Structure formats: structure tokens, C-alpha cells
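In my numbering, the protein residues as written are 138 to 269. First the structure, in the form of C-alpha cells, and then the observations on it.
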Amino acid sequence: MPNSRAQARNPNSADVLLSLGLAHAYKADFERAHALIDRAKRLAPSGGWAFAHEWYRGIVWSLEGKRTEAIAIIEECLPRVAGYGSAQLLLAACQAELGQLERAKANIARAARDNRSFTADRLPPMLAAHPD
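Given below as C-alpha cells:
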């Protein structure tokens, strides 16, 4: 199981639970991924990285193929993570998959504008670091 050692050491760490949830999503175990995100949200409903609960849920929905749900939650999270290029790119990818090409292009342009390090030559390493 992903992160099982980390979870054994920190069973009530919202950060560990979020990471574990994302790992389960990458393994297509979406039910477990959502359950772990729900548990992280119950343990740390506010402060710190609390905004990440729904951002991670957006990633899971995207991986699950639920693009409409992913778009809704990512759009809700964007004001809190405005400079986070991965959020903008995931939003654009979901929009493109639903045929919303103009919206996708606008979000890619926003990612480029808001993230000075976002350039065409840096895109492959950025995507490799954040496969979400």
C-alpha cells in the first residue's frame, strides 16, 4: 500500500492522508482515494493546507474521468492557489477533453501569465513533476 509506513507513523496527519489518497487515485482505487480525502478533511477542516482537500479531490475526479466535477472543484479552488500552474493546466486539460477549447486555451494563457517559470521548454519537466 502506498505510504503505509508514513501512515503508520502519522495516522492522523491530514498531509499523509492526502498523499495516500492521491497515490490510490493513481492506482485507480478511487473509492479509497475519496475516503482518505474525506478523512483528511475531517481531521483538519481549516487552516494550513485545508484548501488542498478539494484540490486533491479535483485531481481524483480528473483521473476518474469525471471531468465536469473536476472542473467545478478546480475552479472553486483556483482563487486560493492562483499562482499554481498545475491547477490551471489540469483545469485546461479537463476543459479540452470536454471540447471547451477556448476556455482551455484561456487557462493555459493564464498559467503562462501567472507563472513566470511556465515556458514551453519547462512544460515537460513541470508535467513530469506533477502528473496530475
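Positions of the beta carbon are idealized from the N, C-alpha and C atoms, including for glycine. Remember, it's a predicted structure, so these values are computed and weren't measured experimentally.
| query | result |
| --- | --- |
| Specify, as a first and last residue, the run of the alpha helix (DSSP H) that S199 falls within. | A189 to E201 |
| Which runs of the alpha helix (DSSP H), 4 residues or longer, sit entirely within the region 214-250? | 222-234 |
| Do the CB positions of A229 and N252 come within less than 9 Å of each other? | no |
| Please classify A207 as buried or exposed, where buried requires at least 16 neighbouring CB atoms within 10 angstroms. | buried |
| Can you give me the C-alpha to C-alpha distance between Q237 and R146, rounded to a whole angstrom? | 44 Å |
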